[in-house]
Structure formats: C-alpha cells, structure tokens
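Shown next, in structure tokens, is the structure this report addresses.
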Amino acid sequence: MEALRKKIPLTLPQNSIKIIRIIAALLLLALVIVRAIDVAAESQFGADTWLRLSVSGLIIGGMYALIAIGYTLVYGILFMINFAHGEVMMLGTFGGYFVFEAFNAIQVTATDGTQMSFLNANPVIAIFLAFLMGMTIAALSGYFLEKIAYRPLRGAPRLVPLISAIGASIFLQNAGQLLFGPQRRQYVNPVVLDRGIGWNLELSGSTVVLTYTGIFSLVLSAILMVGLYLLVQRTKLGRAMRAVAQDKKTAALMGINVDQIISRTFVISGALAGAAGVMWGIHNGLFNYFVGFLPGIKAFTAAVLGGIGNIPGAMVGGLFLGIVESLGPAVLGIDFQLKDVIAFSILILVLIFRPSGILGEALSEEKV
Amino acid sequence: MKKSVLFFVFVVFAMILASCNGAAPAGDTSNGDSSGGDTTSAVPEVCASDAFGCAVVPAGQTVKIGMGAPLTGDYASFGVDISQGAAIAVKDAGTVEGFAFELVAQDTQGAPEGGAAVANKLATDPTVVAIAGHIFSGSTEAAMPIYDKAGLPMMSPSATNPPLTTLGSKVFNRIAFTDAVQGKFAADYLYNKLGFRKIAALHDGGAYGQGLADVVQAEFTALGGEVVGYEAVTPGETDYTATLSALAAKNPEAIYFGGYVAEGVVLANNMKQSGLENAVFFGCDGTFGAEFVEKTGANGEGAYAASLIPPQSEAKLKFDADYLAAYGVGAGTLSPYTWSGYDAAAVLMAKVKEVAVLGGDGSLYVPRGALVNAVRTTSGFVSITGDVTCSDVGECNTAGPTFYIVQDGDWVQAEK
Chain A
1 MEALRKKIPL
11 TLPQNSIKII
21 RIIAALLLLA
31 LVIVRAIDVA
41 AESQFGADTW
51 LRLSVSGLII
61 GGMYALIAIG
71 YTLVYGILFM
81 INFAHGEVMM
91 LGTFGGYFVF
101 EAFNAIQVTA
111 TDGTQMSFLN
121 ANPVIAIFLA
131 FLMGMTIAAL
141 SGYFLEKIAY
151 RPLRGAPRLV
161 PLISAIGASI
171 FLQNAGQLLF
181 GPQRRQYVNP
191 VVLDRGIGWN
201 LELSGSTVVL
211 TYTGIFSLVL
221 SAILMVGLYL
231 LVQRTKLGRA
241 MRAVAQDKKT
251 AALMGINVDQ
261 IISRTFVISG
271 ALAGAAGVMW
281 GIHNGLFNYF
291 VGFLPGIKAF
301 TAAVLGGIGN
311 IPGAMVGGLF
321 LGIVESLGPA
331 VLGIDFQLKD
341 VIAFSILILV
351 LIFRPSGILG
361 EALSEEKV
Chain B
369 MKKSVLFFVF
379 VVFAMILASC
389 NGAAPAGDTS
399 NGDSSGGDTT
409 SAVPEVCASD
419 AFGCAVVPAG
429 QTVKIGMGAP
439 LTGDYASFGV
449 DISQGAAIAV
459 KDAGTVEGFA
469 FELVAQDTQG
479 APEGGAAVAN
489 KLATDPTVVA
499 IAGHIFSGST
509 EAAMPIYDKA
519 GLPMMSPSAT
529 NPPLTTLGSK
539 VFNRIAFTDA
549 VQGKFAADYL
559 YNKLGFRKIA
569 ALHDGGAYGQ
579 GLADVVQAEF
589 TALGGEVVGY
599 EAVTPGETDY
609 TATLSALAAK
619 NPEAIYFGGY
629 VAEGVVLANN
639 MKQSGLENAV
649 FFGCDGTFGA
659 EFVEKTGANG
669 EGAYAASLIP
679 PQSEAKLKFD
689 ADYLAAYGVG
699 AGTLSPYTWS
709 GYDAAAVLMA
719 KVKEVAVLGG
729 DGSLYVPRGA
739 LVNAVRTTSG
749 FVSITGDVTC
759 SDVGECNTAG
769 PTFYIVQDGD
779 WVQAEK
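So the protein lines, in turn, are chains A and B.
If you use the numbering used here, the first sequence corresponds to residues 1 to 368, in order.
If you use the numbering used here, the second sequence corresponds to residues 369 to 784, in order.
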C-alpha cells in the first residue's frame, strides 16, 4: 500500500488521463448509440430515405476525397497546408465550364439530319475535353502557385508558407471575381448527363433517383483515386515522391531532383482538384469564384480526419466526412443545419482520441 | 436617453423655424398657426379648430409632397426609382382648387441621421403638407417623431420593418407589406387556395428568411394545417439533397422557403432527386425574379413566389408605359417599390384634395390635423397595388403580396 502511494505521483497523471479519455470515449459512444437506437425506434425514415442520404453523402464524399488528396500530398512532402487548394479547384471548375459553353455554342448537323449543339452530338468528347481542360488549368495553377508563392519560402519557418498560402488563396479568389464576375454561373451539361435525372429505384413505396451525374462523379473519383494510388506505389515518380516525403536530403543524395518532384506533386494535386472542380460543376451546376472555399475547408478536414500525409487516409476521410454530414443528423434525429457541427465535432473527437487521424499520419524522418 | 434629448432639441428647433417661416411668406393676414381671433374672413374656420393649424399655400405656389429618399450612395437606385414613381403620381393628380402639386424629394442617403435632417428641413416648409416616405426603415424611424410634432402625415412606400407601426405614431402609415403580412398571406394561400394540409418550412437562417418561415409555420398551424418539417439550410451551399431527403420522409405537399434566390434555386433543383417530386416549391419575394426561372429550368415549373409587383391592371399598364416614356427604363428594373411609390403619393394627394379649403385671400388652406386623420382612415382607395385601406395603426397593405407561379419558363400571376 505504502509503496503504491509513493508511486502514484509519478504514474497517475499519465495513466489517469488515458483512463479518463477512454471513459469519456465510451460514454460518448454509448450516448450516441442510445440516441441512434432511440431515433431508429421512432422509424422516422424509411429505407428509401436512408439510401438517398447515403448516396448523396458518398457523392459529395468522393469529391472531398479528391480534393483532400491534394492537401495530403503536399503536406506529406512539404509539411505545409496549401490553403489555396480550394481556389485551384475553383479554376478547374471554370475551365470545364468554358469548354461546355464553347461546345454548346457550336451547331452541328447530326447523322439523322437534325441540328444540335456539338455538346449533345459528341457528349463523350465534350466531357473528356472539359475534364482535360479543367485538370490542365488547375494543374498549371498548382504548378505556378508553388513556383511563385512557396518555393521562395522553402527555407523559411513553417508558419511563413502557411501565411503565403492564405494570401495566395485570397488573391486567387479575388482574381477569379475580377476575371469572371461575381454572378453565379450554371454548367450546361450534355443531355445524356442532365442533372437531376438518373436510374429510378423503387424502394418502400417511393422512387429513389440515382442521378447520372452523381454516379458518374463517384465512379470517376474512384478511378482517379485508384490511379493515383498506383502512380504513387508503382511508378518511378511515385517512388521518388515517397522518398522526398521521407527525407529530402537523403533523397537528393540518391540523385532525386527534389524541386522537380515537389513541382510535380503540385501538378498532380492540382489536376485532382481540377477534376473535382469539373465534377462539382457537372453535379451541382451552380458555381462562382467562391465555389472552392467550402469544399476546400471540408477537404482539409477530411485530410486531417484520415491522417494528414496519408493518401488512403485522405480517401477514407473524404468519404467518411461526406457520409457523416449526410447521415449524421438523421441518425441522431437533429436538425440538418447542424451537419457541420457534427462533422467538426467528429474531427475534434478524432484529434483527441487519435491525434494522428483514422489511418494514422505518415510520419517522415524529418518530422520525427 | 441622449438620443431622445437630441431629438427634442431638433424638434423644438424645427418648430421654431417652422413658425417663423410659416409667417413670412403668408404676409400679415394669413398666419395659419395663430389661434388668436385676429384672423380675417380669409382664413377658413377649420384652421382655428385644427390641432396643428393649417398649411397655407399662397396663390401661385405649389402644394408640396415631401419625400425622404436615398438619392445618392449605395442605395440610390431605390430612392431614385421610388421618387420617379411618385413624380408620375404627381403628374397624374391634376390640381386642387387650381393649385398644382409638386414632389420635393430630399436625399437621406438611406441613413437615420439623413432621415432626421430631411424631416427637419421638410417640417419647416409651410407648403409641404404630407410626406410620401421615408424609404428605408431606419431613416423613417428617425423622421417619425419630427413629423409627429409637425402634423405631417406619412405614407411610406417601402419601410417594411414590422415594429414601425407599433411605436404609437399618429402620422406614420405605409403601403409596403411587412414580412409578417407576407407570411400570413402565404400561409392562407397554401391552406385555402392550394388546399394543402401538410407543408414543410425551410429557411436560410437569416432574419428575413427565418422570420418569414416562422410566421408561415404559426399561421399555417393556426389555420388547421400541419407543419411536418422545419429546417434551416446553410446559405451558399449547392447541394441540399440531404436536408430535402429527410423532409421527404414526412411527405409534405409543399415546401415553403423563406430566403433568397441563390438557395431557392438549389432547393428547387434538388427536390426531384430527393423524393419530393410531387411537392410544390413555394417561395417568397426573395426567390422571385428572372434568375430563379433561368437557373431552375424544368425543375422550376410550377414553383410559386410572392412579389410586391402588383397584378396586371389597366392602371399598372398605363403607369408602366408612362414610366418608360419619362425615364427610358422599364418600371421595376431599378427597385421593386416604384408602384408603391406612385400609390403612396397618390393616396396623400387624394386626401389633400378632400380636406383642402380655398381661403378668401386666394391662398389654399390645408388643415394639418384633419389631413393626418384623413390619411389614417383611408379606406377602399383603389390604385396600382390594389385596395389601400389603413388599419388604426397605419398598416395600409391589406392587398398583400401578389403570388406568381412559373409556367412555361416564365413567372405568371397565380390564381387569386
């Protein structure tokens, strides 16, 4: 007994914090489960509603994931948060928009002799070119963003490029407003990919619409994520990126051109954000110069949730955030206005109980 | 405390000025404010018994209708537009006992200080008999006590802040309908005209939108209907399918939305894919306008909205043509209040005609107290915005909003 007491001052703080944490976590979990069971017992929502909510969450989550990868890639290599990433996405949205607008203006005669716009006559080409344009513009802006705003600050303390990133974000937003005007524009989709229509599923007496634009976005973001994963894991560029992330100095000694790899990382993350931007436009329709702000913040959250610096973590975090935002209020039976509260509460909880994110932070030598 | 003292000083100052000026142009015989028995037969008897005395317009001068409006600054388009609408009313009004009317629009810049300054200025002019204004609620509130003291009846075309008519002012009246009135009419239309019994109310979390949604919820429930869902959306987002899907589970027949066109468009677009394909989108005056139709396309068909813009009528068509001819732009393009600007001035001038008396000296005598009462008791005055009938606190907006529906890609007036 005496011996134990003497030990307590040394060991209790650490242990008790851990125990309190675990108790708090269990209590919270129990609370949420009780509430969820309570709500489920009321059976306010049918299977159709749950399906609708899940689909809507997955679609938005896919886009968050694509943008979150950009945050994570850059963080993994430079240990900085590229807060201008949402604006890179915004530029991609505009790129795709102008391609659609241009093709919509061109009139061609279809094979059956009717007049229609090029957009509707060749939707696959139009969509492909829109994505190409959006991704190129976003990739280029990512490239120059790094060259102008971050490279000169390479040796500076970590806070400095962060401030520079915020500055770049404000600059790009205002540039977008000056260039394109403040009014909200609307994507003109090809008829085959019209918004709001899709496969109709009959479920518990009502029709659930799986929109073409939503499924298209979800599939495309999955393909891009798989592609990126393969690029990072299987190619020479990917290996170089991983090497730079682990240890810049040693990588340079091994003959890797670090600056070039950093540039390419920005190009890749920009291209993914651009693709997300075009998807955003195709699926949601309305956008203006401010379109990148909210998804940017949400994707940053997703990246932190999944474990920043960790690519599969960003994907999981994005999808998780999308689903929580969509299903959370319904599960807890509260107002949908509080979806952001739920999302950010989860972020805080994850940071308390698992500071390195769901899948864990990818720690490099330098950081440790 | 400090403010009211300041007002008091202003008012005293204004009254001193008013009495001085009042005497000057009228010469030695026709001081309307004097209550002594030295008046000659030139002064009508009614002036002696009137609480505020008479406004005296000497022969050759005009009867002035004042207006406090933002004519410069950020909100100039409102002031310019409304004063132009009122100017057309002045042109249409003709003369009273051979005296012409004139509109005196003064710049308030939309601010309370400007409103008080303009009120002091107008209150000192003996030939100003009534005020078609002010335009903004803040400026109106600052001006009200000054006009109250001076006995100048007000008829605001556009001050919509609900508490203005609860301040106990004798002179303040308004034509514009408030958000409370709009919500009441919308609930009534949903329940009685469209026959809905289950609706959901949505808003954007702002004072305007939530205020409307609250009123609709209360009124619809009072009528016997059921509000099955009440939610807020976060402004600026472009995907509300989750919120709408949750509402869809409760099978509302209509979605009432209080807010602006940006969110209204997204909601209307998202309804079909959220299981609300059979529900009607019912907006407010914030969702009315060309942008809604343009951005919703086929999804917007059958959506409702409210508007200040009065229903088409002969009077409105004539006004629209006159406005276009006089100013080169269409009525309603600068602000939605131009028609109420016309009506506010028209009501005031009609009442001036009722009470004005021609004196023996050729001057026009307008008993101020009688005019204040006449305006407050306006009943059944038919003009562009419809039937103008004032309640005993000065709400003259019984006509309420006009409801519009999207048909074939354009807003058309919905069945009354």
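C-beta: ideal position from N, C-alpha, C; glycine also.
These numbers were taken from a predicted model, which means no experiment stands behind them.
Could you check the C-alpha separation between Phe656 of chain B and Cys415 of chain B for me, to the nearest Å?
The residue given as residue 656 of chain B occupies position 288 in the second sequence. The residue given as residue 415 of chain B occupies position 47 in the second sequence. Approximately 48 Å between the Cα atoms of the pair.
So who's on the other strand from His571 of chain B, going by DSSP bridges?
Here residue 571 of chain B corresponds to residue number 203 of the second sequence, with the count starting at 1. According to DSSP, His571 of chain B bridges with B:Ala600, B:Gly626.
Closest by CA to Arg309 of chain A, which one among A:Gly328, A:Leu119, A:Gln246, A:Val208?
Within the first sequence, residue 309 of chain A is the residue found at index 309, counting from 1. Note on identity: in this sequence residue 309 of chain A is Gly, with Arg being the wrong assignment. Of the listed residues, the one whose Cα sits closest to Gly309 of chain A is A:Gln246.
Which stretch, first to last residue, makes up the beta strand (DSSP E) that contains Met523 of chain B?
As a working note, residue 523 of chain B is residue 155 in the second sequence. Unbroken run through Met523 of chain B: none, as it is neither H nor E.
Mind reading off the beta-carbon distance from Leu612 of chain B to Leu635 of chain B? Whole number of angstroms is fine, and I expect it under 8 Å.
As a working note, residue 612 of chain B is residue 244 in the second sequence. As a working note, residue 635 of chain B is residue 267 in the second sequence. At roughly 7 Å, the Cβ-Cβ gap stays under 8 Å, so Leu612 of chain B and Leu635 of chain B are in contact.
Euclidean distance between Cα positions of Asn174 of chain A and Glu325 of chain A:
Locating residue 174 of chain A in the first sequence gives position 174, where the first residue counts as 1. Locating residue 325 of chain A in the first sequence gives position 325, where the first residue counts as 1. Each residue's Cα considered, the two are about 29 Å apart.
C-alpha gap between Thr495 of chain B and Leu179 of chain A, whole angstroms:
As a position in the second sequence, residue 495 of chain B is number 127, starting the count at 1. As a position in the first sequence, residue 179 of chain A is number 179, starting the count at 1. Answer to the nearest angstrom: the Cα atoms are 53 Å apart.
Top-ranked residue by Cα proximity to Thr167 of chain A, from A:Glu146, A:Val291, A:Gly155, A:Leu332
Here residue 167 of chain A refers to the residue found at position 167 of the first sequence. The amino acid occupying residue 167 of chain A in the given sequence is Gly; Thr does not appear at that position. Measuring from the Cα of Gly167 of chain A, the nearest candidate turns out to be A:Glu146.
How many angstroms separate the CA atom of Ala555 of chain B from the CA atom of Ala110 of chain A?
Mapped onto the second sequence, residue 555 of chain B falls at position 187. Mapped onto the first sequence, residue 110 of chain A falls at position 110. Each residue's alpha carbon lies about 50 Å from the other.
Quick one: does His85 of chain A have its CB under 9 Å from some CB of chain B?
Mapped onto the first sequence, residue 85 of chain A falls at position 85. Not closer than 9 Å to any Cβ of chain B, the Cβ of His85 of chain A fails to qualify, so no.
In angstroms with no decimal places, state the Cα-to-Cα distance between Val209 of chain A and Tyr608 of chain B.
Start at 1 with the first residue of the first sequence, and residue 209 of chain A comes out as number 209. Start at 1 with the first residue of the second sequence, and residue 608 of chain B comes out as number 240. Near 15 Å, if we compare the C-alpha coordinates of Tyr608 of chain B and Val209 of chain A.
Quick one: give me the first and last residue of the beta strand (DSSP E) that Tyr733 of chain B is part of.
As a working mapping, residue 733 of chain B is identified with position 365 in the second sequence. Where Tyr733 of chain B is concerned, the enclosing beta strand (DSSP E) stretches over 732-735.
Return the bridge partner residues of Trp779 of chain B from the DSSP annotation.
On the second sequence, position 411 is the one that residue 779 of chain B refers to. Answer is B:Val774, bridged to Trp779 of chain B.
Given that Val633 of chain B touches chain A, what residues does it touch there, using C-beta distances under 7 Å?
For the purposes of this step, residue 633 of chain B is taken as residue 265 along the second sequence, with counting starting at 1. The contacting residues are Leu286.
Since Gly198 of chain A sits in a beta bridge, which residues does DSSP pair it with?
As a working note, residue 198 of chain A is residue 198 in the first sequence. DSSP, once it has assigned bridges, lists A:Thr211 as partnering Gly198 of chain A.
Do Gly281 of chain A and Phe287 of chain A have their C-beta atoms closer together than 9 Å?
Along the first sequence, one-based indexing puts residue 281 of chain A at 281. Along the first sequence, one-based indexing puts residue 287 of chain A at 287. For Gly281 of chain A and Phe287 of chain A, yes; Cβs fall inside 9 Å.
Going by Cα to Cα distance, which pick from B:Ser703, B:Leu562, B:Thr533, B:Lys663 is closest to Phe650 of chain B?
For the purposes of this step, residue 650 of chain B is taken as residue 282 along the second sequence, with counting starting at 1. The option with the nearest alpha carbon to Phe650 of chain B is B:Leu562.
Nearest to Lys640 of chain B by alpha carbon, out of B:Ala658, B:Thr664, B:Val629?
The residue labelled residue 640 of chain B in the question sits at position 272 within the second sequence. Comparing Cα-Cα distances from Lys640 of chain B to each of B:Ala658, B:Thr664, B:Val629, the minimum goes to B:Thr664.
Counting only beta-carbon separations shorter than 9 Å, does Trp199 of chain A have a partner in chain B?
What you label residue 199 of chain A is simply residue 199 of the first sequence in a count that begins at 1. Chain B, which has no Cβ nearer than 9 Å to the Cβ of Trp199 of chain A, makes this no.
How would you write the range of the alpha helix (DSSP H) that Phe749 of chain B sits in, first residue to last?
Taking the second sequence and counting its residues from 1, one reaches residue 749 of chain B at position 381. No alpha helix (DSSP H) holds Phe749 of chain B; the beta strand (DSSP E) holding it covers 749-751.
Give a yes or no on whether 9 Å exceeds the smallest Cβ distance from Ser613 of chain B to chain A.
By one-based count along the second sequence, residue 613 of chain B stands at place 245. By this cut-off, Ser613 of chain B is an interface position.
For Met639 of chain B, which three-state DSSP category applies?
The count along the second sequence starts at 1 and reaches residue 639 of chain B at position 271. If DSSP states are grouped into helix, strand and coil, Met639 of chain B belongs with coil.
At least 3 beta-carbon pairs within less than 8 Å: the stretch 47-65 of chain A vs the stretch 318-337 of chain A:
yes
Are any of the Cβ atoms in chain A nearer than 9 Å to that of Thr655 of chain B?
The sequence position of residue 655 of chain B within the second sequence is 287, counting from 1. No, Thr655 of chain B does not count as interfacial toward chain A.
Does any C-beta atom of chain B lie closer than 9 Å to the C-beta of Val208 of chain A?
One-based indexing of the first sequence puts residue 208 of chain A at position 208. True, the Cβ-Cβ gap to chain B drops below 9 Å.
Determine the chain A residues that contact Val601 of chain B at a beta-carbon separation under 8 Å, and present them in chain order.
In the second sequence, residue 601 of chain B corresponds to position 233, counting from 1. Within 8 Å Cβ-Cβ: Phe336, Gln337.
On the DSSP bridge assignment, give the partners of Arg542 of chain B in chain order.
Residue mapping note: residue 542 of chain B aligns to position 174 of the second sequence, counting from 1. According to DSSP, which records beta bridges pairwise, Arg542 of chain B is partnered with B:Ser524, B:Glu763.
Cα separation between Ile348 of chain A and Thr301 of chain A?
For the purposes of this step, residue 348 of chain A is taken as residue 348 along the first sequence, with counting starting at 1. For the purposes of this step, residue 301 of chain A is taken as residue 301 along the first sequence, with counting starting at 1. Using only the alpha carbons, I get a separation of about 10 Å.
Do we get a CB-CB distance below 9 Å when we pair Gly730 of chain B with the residues of chain A?
Along the second sequence, one-based indexing puts residue 730 of chain B at 362. Not an interface residue.
Determine whether the beta carbon atoms of Phe625 of chain B and Gly593 of chain B lie at a separation below 9 Å.
Here residue 625 of chain B refers to the residue found at position 257 when the second sequence is read from its first residue. Here residue 593 of chain B refers to the residue found at position 225 when the second sequence is read from its first residue. The answer is no: Cβ separation not under 9 Å.
Three or more C-beta pairs under 8 Å: does that hold for the stretch 42-53 of chain A against the stretch 339-347 of chain A?
no
Please classify Gln452 of chain B: is it buried, with 16 or more other beta-carbons within 10 angstroms of its beta-carbon, or exposed?
Residue 452 of chain B sits at position 84 when you count from the first residue of the second sequence. Burial call: buried.
Span of the alpha helix (DSSP H) around Tyr75 of chain A:
The residue you call residue 75 of chain A lines up with position 75 of the first sequence. Looking at the DSSP string, the run of the alpha helix (DSSP H) that includes Tyr75 of chain A is 47-78.
Listed from N- to C-terminal order along the chain, which residues in the stretch 555-579 of chain B have their beta-carbon within a distance smaller than 9 Å of any beta-carbon of chain A?
Gly573
Residue of A:Arg239, A:Gly313, A:Ala84 minimising C-alpha distance to Phe171 of chain A
Position 171 of the first sequence, counting from 1, holds the residue named residue 171 of chain A. Cα-wise, what sits closest to Phe171 of chain A is A:Ala84.
Which of helix, strand or coil DSSP assigns to Ile22 of chain A
Sequence index remark: in the first sequence, residue 22 of chain A carries index 22 (1-based). Helix at Ile22 of chain A.
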